[in-house]
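Have a look at the structure below, then the notes.
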Amino acid sequence: MPLVINTNTQSLNAQRQLVNSGNQLATAMERLSSGKRINTAADDAAGLAISNRMTSQSRGLEQAVRNANDGISLIQTAEGALDESTNILQRMRELSIQSANGIYDDQNRATLDAEVQQLILELDRIANSTTFNGQTLLDGSLGSVELQVGAQANETIEISIQAMDAQTLGMGSVSVDLLGAEITADLTAITLNESDVLINGQSIGSFIGTTDTFQDLIDNIDDSVLGVDASGFTSLEGITVGDGVLENGNKMQITVQSADGSGNNVFNITDTKSMSELVDKISDATGGILSADIDDSGQLVITNNSGSSIVVRALAANNLPSAVSAQLVEQATGFNVYDPTAAAGTAQAIEDSAEGQIILTSVHGDPITVERGATGTLQTLQDLGFRESAEEGVISGVGLGSAASATAWNVGDISVNGISIDNDDTDTLQGKIDAINEQSEDTGVVANAFASMTMDLSNANLSLGNTTADTLVINGVSIDLGLVDSQATSIDIVNGFNSNTDLTGVTARLSGTRIVLESDQGSIRIAAGTALAVDVFGANGALAGAQISSYFAATGGGVTLEAVAANTQLALTIEAGIKLTSTNGNPISVELGDNANPATIGIIEANSTAGGRFGTAIASVSIDTAANAQKAIGVIDRGLEAINTVRAQLGAANNRLDFTINNLLSVNENTLSARSRIMDADFAAETAQLSRTQVLQQASQAMLAQANASSQQVLQLLQG
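Per the working numbering, residue 210 is the first one in the sequence shown, and the count goes up by one each step.
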């Protein structure tokens, strides 16, 4: 090795080793003092990025656990309040059963009812005052709450609590749509006067089919009826189209006539290889005007939401219609449409049409009622696709005279909630009722007899003459309306009848300008010879000063009031009928067969609904009479069921959140474990490294001193 003095290589090497060991010593001391393996990005760039992502995930998971626990607290707050609401309803039910007992008089029941009314107020107070973090939970304003229960976006659990106040509890359902049956194809045949049809007691206005359009009818309802939105809907259901193949020039032509009468849109569907492709092409080709789907039975369903008419026809390659026939099937709107000349396995030719339907939707969630006005008839409602539905949850059939009552039902004439009512012994009113009740377990509907009498008062003031207690006898009971020789309004007469309901079983109500007397006993009998004299006053000049007297036959279904002086006939019909009442709070659907006549069946087709809201609310419950107490039991039972359903949903959500929390904790544990292996210092390894680097430091310093002294050997050579 050469001996030089300008460059001390050994010293440089010793310096480098000293610096390295110094860096290692500093790193070991930094890690031991911080407890972290990575203190700067230079320590482990990739590890730092990974650990930061894991830190974000871990902190998000920890917050999600807190969120879930907050959700559990909200649920437990609501559930605790509902527990008290349940106790209140149980007490109300107990009082109702007590009041229904025949040993109590009116004073006893009034005392029982006073407690019930206080309990109703407390039920409302609980619903309106139960809050969590400033949000009211049980008054319906909460809607749905989304709980963020994950570390990433949109990892949520939704909790919803419906209104649990006295106005809501007891109602059969929460949906409030009424869907009319298919409107007659010839709108020009429909003419409505101003007071023909009432929705929620409000006239829908006039309609002249020869000049007005379907859209005008929808607009009339929207403009005239507060709290109800009307819309159009058309559904062409149950079209059998074979395998959906359209090729070799064959096509499906769909014509949509605008609801406002402005014109037609014609769409041609061609070149399809399957049923699913046919469905897609219908939706695409019509630009969303129509939507198509395949139902569970494999049939094509075409719908739109405007009420426009739909006409579908199949065209051959030469644009000539194929031979087509249609066969009505069991469903009210379903058709099997087929080509009798088509060979097996070929695409079926189709041609069918559907008219618009009216959907009524409650704006505020209140029940919707449809009834005849002063000048309307049942046929008027049927022309619009509706039946009269003045009492929610109950369907009252059309009146049956003696001849209609004796007409037996044929097989397939009537179905209730999808169950066919087939019984040979239906040639009496009681036989018809028994036939329906035999299927009550399956239908959830019970039938009772009712009677209805309607008097048209023509908006007149009137007085009832000679109505002392010994002259007006209803259902064998002498009553006094309290209106002797005094001018009275229709409301006074209704109140007079209703003040004697407990004795006669007959209730009165106003329907437009009509007074309607009804009885669940199946008959309203006014004794022969009873003089029900009505002096008519008011705007109707033809009736002014006329005295209207009733003439009652001993038997038979029809009774007429005759305006003696003016020789004017006023309709007054007393007929027996069938009333259907839901036993389980669900809607009632009635369908008639193809050849069934509502006039002889006694019930017309009911509105199909999506779960119409009906029933009596808890807020309206009273047990001041035995009859009201019996009704209250059913209403309270529905209220308890509603609370039970909500509590079950809340309990399930609580359990779900418990499982969610356990899972979040497990995920967080494993995330932190993985991050620890990246971020945390291993003290055993770092202390060993510290000891090593300390020894190296001392050795490097010693060797550096030796290297610096090695150049002094040159002086010895120079001295020699």
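Where is the CB? At the ideal position from N, CA and C, for every residue including glycine.
With residue i as the anchor, note down where its alpha helix (DSSP H) starts and where it stops.
i	result
Thr218	218-243
Leu873	835-888
Glu650	649-652
Val434	Per DSSP, Val434 belongs to no alpha helix (DSSP H) and is neither H nor E.
Val923	922-928
Leu942	Residue 942 falls outside the range modelled here, since the chain spans only 210 to 929, and no answer is possible.
Along the chain, where does the beta strand (DSSP E) that runs through residue i open and close?
i	result
Val625	623-625
Ile365	The sequence given here places Thr at residue 365; Ile does not occur at that position. Unbroken beta strand (DSSP E) run through Thr365: 365-369.
Ile408	406-408
Gln357	353-357
Classify residue i as buried or exposed, calling it buried when 16 or more other Cβ atoms lie within 10 Å of its own Cβ.
i	result
Phe868	exposed
Gln198	Lying outside 210 to 929, the shown extent of the chain, residue 198 is not represented and no answer is given.
Thr339	buried
Glu895	buried
Arg822	Here Arg822 scores only 37 on pLDDT, less than 50, and its place in the model should not be relied on; the value that follows carries that caveat. The residue is buried, with at least 16 neighbouring Cβ atoms inside 10 Å.
Gly654	According to the sequence as given, residue 654 is Val; it is not Gly. By the neighbour-count rule (16 or more Cβ atoms within 10 Å), Val654 is buried.
Gln376	buried
Asn776	Confidence is the limiting factor: at Asn776 the pLDDT is only 33, short of 50, which leaves the residue's position unreliable and the question unanswerable from this model.
Ala717	buried
Gly496	exposed
Ile757	The predicted model places Ile757 with a pLDDT of 33, which falls under 50 and marks its position as unreliable, so this point remains unresolved.
Thr902	buried
Ser875	exposed
Ala223	buried
Gly705	buried
Arg318	buried
Val434	buried
Val904	exposed
Asp622	buried
Ile413	buried
Val488	buried
Asn837	buried
Asn877	buried
Asn709	buried
Ser230	buried
In the DSSP output, what is residue i paired with across the bridge?
i	result
Gln266	None; Gln266 has no bridge partner.
Gln344	Phe341
Leu899	Bridge partners of Leu899: none, in fact.
Ser629	Ser624
Phe416	Leu401
Thr637	Per DSSP, none; premise fails for Thr637.
Gln411	Ile408
Between residue i and residue j, which are expected to be in contact by the criterion C-beta below 8 Å, what is the C-beta distance as a whole number of angstroms?
i	j	result
Leu859	Ile284	5 Å
Ser909	Leu227	4 Å
Ser260	Arg884	5 Å
Val625	Ile645	6 Å
Ile845	Ser294	11 Å between Cβ atoms; not a contact.
Asp634	Gly640	5 Å
Ala287	Val358	The Cβ separation is near 18 Å, so there is no contact.
Leu298	Gly848	5 Å
Ile408	Ile430	7 Å
Ile827	Leu378	4 Å
Gly280	Leu401	At roughly 53 Å, the Cβ-Cβ gap does not stay under 8 Å, so Gly280 and Leu401 are not in contact.
Gln233	Gln898	7 Å
Can you check whether the C-beta of residue i is within less than 8 Å of a C-beta belonging to chain C?
i	result
Ser875	Protein chains in the displayed structure number just one, and chain C is not present.
For the region 245-254 against the region 884-893, do three or more pairs of beta-carbon atoms, one drawn from each stretch, fall closer than 8 Å, so that the two count as touching?
Between the region 245-254 and the region 884-893, the count of Cβ pairs shorter than 8 Å is three or higher; the stretches touch.
Looking at C-beta atoms only, is the number of pairs between the region 342-356 and the region 308-319 that lie closer than 8 Å three or more?
The answer is no - the region 308-319 does not touch the region 342-356, with fewer than three Cβ pairs under 8 Å.
Evaluate the contact criterion for the region 356-367 versus the region 316-333: three or more CB pairs, one atom per stretch, below 8 Å.
The answer is no - the region 316-333 does not touch the region 356-367, with fewer than three Cβ pairs under 8 Å.
Report yes or no: do three or more beta-carbon pairs, one from the region 911-929 and one from the region 213-220, lie closer than 8 Å?
The count of Cβ pairs closer than 8 Å, one atom from the region 911-929 and one from the region 213-220, reaches three, so the stretches are in contact.
Tell me, please, whether the region 826-836 touches the region 316-323 by the rule of three or more beta-carbon pairs shorter than 8 Å.
Cβ pair count under 8 Å is three or more, so yes.
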